[in-house]
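Beneath this line is the structure, given in structure tokens, with notes to follow.
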Amino acid sequence: MQPRVIAVLVALNGAGYLPRTLAAIAAQTRRPDSTIFIDSGSTDGSAALLAASDPTQLVRTPGRRSFGGAIAYALQVAPPAESDDEWMWLLGHDNAPDPKALAALLGAVEVAPSVAIAGPKLMRLDEPDVIASFGETLTALGRSVSLVENELDQAQHDIQADQLGVAAGGMLVRRTVFTALGGFDPTLPSIDAALDFSVRARLAGHRVVGVPSARVTSAGPPELFGRRSVSVGAQNRIRRFAQLHRRLVWAPAAAVPLH
């Protein structure tokens, strides 16, 4: 049986990016079997663009929600999974995939049943030959870092390998695993949400891989999703909060008072 793929596209004031992203989804060599397009409280023309693309299901969240929060809401009103081999392809309004991106991601999971999450190589939207992010890990002190960031893509990282975490944009995830793990942690609305989810998946016995042959654009880091800008100070506060939250959540109960 062929795996079934649902493309889940979240838009939050992303009208400037959506035409390109919608066209890229439609141009996939391996088309998604269905689409769930979510408008997360946009105040621009995002909702109209999503509706005009005739998705399988159009969802409007009650008020503004984070990327993960919008997906969680949509799954509450979406039909249940049709099989255990159903996958969700998570995309933000700025995540325009190359034509063979979905085929490459599916190829990685089809040959290795233990893989539950596959992530693409994120490319900068303004410089398509520059890798924005590919793979995520943690320092000894628990700070999250990208394995590859802002590097000219010269195929130097074109080896598929297991990773501690992958970005949310372009992530292909088995739906049963996403549901069983409760999706993205709502306490982490942007920074480290995908890394935290990836780590939980690995702890549950699943594999997480990066697929360099799958390329997806990105207009910026997750904390910029739906925003024009975020100050350096705000970014540092969000990152520090995420670091402390992860330490508390992942720590053994007896060690929590020490954090």
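If you number the sequence shown the way the numbering used here does, the last residue is 1757 and the count never jumps.
We put the beta carbon where it would ideally sit given N, CA and C, even for glycine.
I need the DSSP call for residue i, collapsed to helix, strand or coil.
i     : result
S1642 : strand
E1608 : helix
Q1661 : coil
P1595 : strand
R1528 : coil
R1705 : strand
T1637 : coil
I1689 : coil
S1581 : coil
P1719 : coil
S1711 : strand
T1533 : strand
A1753 : Any reading at A1753 must be qualified, since the residue scores a pLDDT of 43, below 50, and its modelled position is unreliable; the value itself is stated next. Here A1753 sits in helix by DSSP.
Y1515 : coil
With a cut-off of 8 Å on the beta carbons, I'd call residue i and residue j a contact; round off their distance for me.
i     : j     : result
K1619 : P1710 : 5 Å
P1595 : I1534 : Contact flag wrong, Cβ pair sits at about 16 Å.
Q1679 : R1698 : The residue asked about is misnamed: residue 1679 is Leu in this sequence, not Gln. That belief holds up - the Cβ atoms of L1679 and R1698 are roughly 5 Å apart, short of 8 Å.
T1559 : S1538 : 5 Å
A1549 : L1556 : 6 Å
A1614 : Q1658 : That belief does not hold up - the Cβ atoms of A1614 and Q1658 are roughly 15 Å apart, past 8 Å.
I1569 : D1531 : Contact flag wrong, Cβ pair sits at about 18 Å.
T1637 : V1643 : 6 Å
Sorry if obvious, but does the Cβ on residue i come closer than 7 Å to a heavy atom of the ligand ATP?
i     : result
A1691 : No copy of the ligand ATP occurs in the structure displayed, which carries no ligand at all.
Taking the alpha helix (DSSP H) that residue i belongs to, which residues open and close that run?
i     : result
Q1574 : F1565 to V1575
S1544 : S1544 to A1550
A1678 : R1673 to A1678
With distances taken from CA atoms, which of the options is nearest residue i?
i     : options                       : result
S1540 : A1525, S1551, Q1555 and G1514 : G1514
L1650 : A1599, L1548, A1509 and A1630 : A1630
L1589 : G1512, L1701, R1700 and T1677 : G1512
P1719 : R1622, P1577 and L1604        : R1622
R1713 : M1669, A1702, F1682 and A1568 : M1669
T1519 : D1592, G1703 and R1528        : D1592
V1628 : L1693, T1715 and L1516        : T1715
S1581 : T1554, V1675 and V1575        : V1675
Tell me the residue span of the beta strand (DSSP E) that contains residue i.
i     : result
R1562 : From DSSP, R1562 is part of no beta strand (DSSP E); its letter is neither H nor E.
G1617 : V1613 to R1622
L1507 : R1502 to A1509
A1630 : V1628 to S1631
Inset, instruction - Determine, using beta-carbon pairs with one atom in the segment 1662 to 1675 and one in the segment 1700 to 1718, whether at least three such pairs fall under 8 Å. - result: Yes, the segment 1662 to 1675 touches the segment 1700 to 1718.
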